[in-house]
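Numbering (my numbering), first residue to last: 7 to 218.
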């Protein structure tokens with residue numbers, strides 16, 4: 007698959023994921039949920055851009071250059087856009103600082119980073135920490151968000167509440183899987199963080215030749 011096709015597929019997939027997330031948000035809010043043109047900027051646009059960046063990251067070969075490796079790091083940080091774009095709405099920053107409104111966007115971005123690193127990161131201990139945090143967030147979202155915000159209407163014993171929980175879990179798991187793409191390991195020869203083997207000295211070469 008060429009890079010342009012991968013970016014396009016990633017962008018469409020990210021857009022569909024963001025639209026599904028907005029549908030989940032609508033179920034949580036119930037009759038209080040409203041849509042505006044700001045929905046496209048705050049939710050759908052970052053989903054499209056993040057999906058496109060993951061599509062680009064998918065095409066990077068294992069033996070890529072150090073400069074492209076730096077590009078992967080920017081792709082790994084792309085989920086931060088989920089937290090940035092909602093703040094572009096007029097008054098959104100004041101609402102967040104004074105009442106905490108919009109904090110869910112930061113939690114989604116944090117989950118993407120933690121889950122992505124847990125699945126594709128380098129250091130084992132950090133992967134375990136991120137994995138525990140991601141699993142905890144997913145479990146809390148599935149078990150408590152619906153019943154707490156939607157009441158009996160979204161209780162897990164109710165079909166609608168169970169459906170919302172399944173939608174929540176599936177969306178977050180897919181997000182973590184996609185976010186792991188930029189974190190995948192590269193070939194050792196192309197990894198700038200792995201020191202190259204020191205060349206053999208002239209004395210070592212002569213000793214080996216004499217031994218032979």
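Idealized CB from N, CA, C, for every residue including glycine.
The stretch 179-194 and the stretch 118-125 touch, with no fewer than 3 CB-CB distances between them shorter than 8 Å.
When only Cα atoms are considered, residue 158 and residue 37 end up about 15 Å apart. Take residue 61, set aside five residues on each side of it, and the residues of its chain with a beta-carbon closer than 6 Å to its own are 12, 13, 15 and 16, in chain order.
For residue 112, the uninterrupted alpha helix (DSSP H) run begins and ends at 109-126, by DSSP. In the structure shown, the three-state DSSP call for residue 31 is helix.
Judged by DSSP in its simplified three-state form, residue 141 adopts helix. Taking each of 69, 28 and 162 in turn and checking the Cα distance to residue 178, the smallest one comes out for 28. Taking all protein chains shown into account, residue 56 has 16 or more neighbouring C-beta atoms within 10 Å of its C-beta and is therefore buried. In this structure, DSSP gives residue 43 a state outside helix and strand, which the three-state scheme calls coil.
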